[in-house]
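Okay, structure first, notes after.
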Amino acid sequence: MPISNCQLPILREVKQRIILCSICNNLTEIDPYRFCVATSRDHSVICVVEEPHSLVAVEKTRSFKGLYHVLHGSLSPMRHIGPNELHLANLLPRFKPENNGGVEVREVILATNPTTEGEATANYIGRLLKPLGLRVTRIAMGMPVGGDMEYVDEVTMDKALANRHEI
Ligand SMILES: [Zn+2]
């Protein structure tokens with residue numbers, strides 16, 4: 000269906016309003032995204048996800064109260080996506096308390112998808128973060144392998160989080 004002229008200004012406005020948070024890379028209208036500055040969120044735990052919809056899947060469990068980091072993708076040699084193509088560069092600065100509301104990060108939960116790319120991404124980030132001396136965990140794979148977190152129900156996601164293991 001063709002877009003009528005009267006709808007065009009509205010579409011343009013939406014496109015302008017949605018930006019990426021400079022801290023967590025989530026889609027937001029205001030930078031930083033509200034979670035990043037919320038005192039009600041636990042700033043000592045960061046959950047790393049591939050896409051904004053994965054953040055929504057974790058959030059639906061209501062059991063995670065920490066912060067997020069959205070990569071906007073996963074490592075894939077076949078699709079020529081390397082670490083530089085992911086939104087990773089702004090993750091490391093977050094481990095400085097002065098950049099994190101004065102709070103030291105003590106755990107990073109790797110909640111990438113249960114796919115080959117998701118596993119490779121979790122392993123890569125795990126190796127990157129381990130020398131920093133913080134707890135790095137991977138969500139348990141009770142989830143269907145090869146699936147996308149978008150389609151995981153809250154109960155399965157909740158279990159995957161609760162049964163996360165240190166890597
Ligand atoms: Zn943010």
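Okay, so the sequence shown: first residue is 0 according to numbering that gives the first Met the number 0, each after it adds one. Beta carbons are placed, not taken as given, at the ideal position from N, Cα and C, and that holds for glycine. The structure displayed is predicted, hence computed values, not measured ones.
- Proximity to valine 104 across Thr111, Thr115, Arg126 and Arg40 peaks at Arg40, based on C-alpha coordinates.
- Of Val154, Leu160 and Lys129, the smallest CA-CA separation from arginine 137 is found for Leu160.
- Nearest neighbour of proline 92 by Cα position, chosen from His164, Arg163 and Ile45, turns out to be Ile45.
- Counting along the chain, histidine 52 sits inside the alpha helix (DSSP H) bounded by residues 51-58.
- Contact annotation: the segment 15-31 touches the segment 79-89, with at least three C-beta pairs closer than 8 Å.
- Chain order is used for the residues whose beta-carbon lies nearer than 5 Å to a heavy atom of ligand 1, namely Cys20, Ile22, Cys23, Pro31, Tyr32 and Cys35.
- Within the same chain, Cβ atoms closer than 8 Å to the Cβ of leucine 74 are found at Ile80, Gly81, Pro82, Leu85, Glu116, Ala119, Thr120 and Tyr123, the five residues on either side in sequence being excluded.
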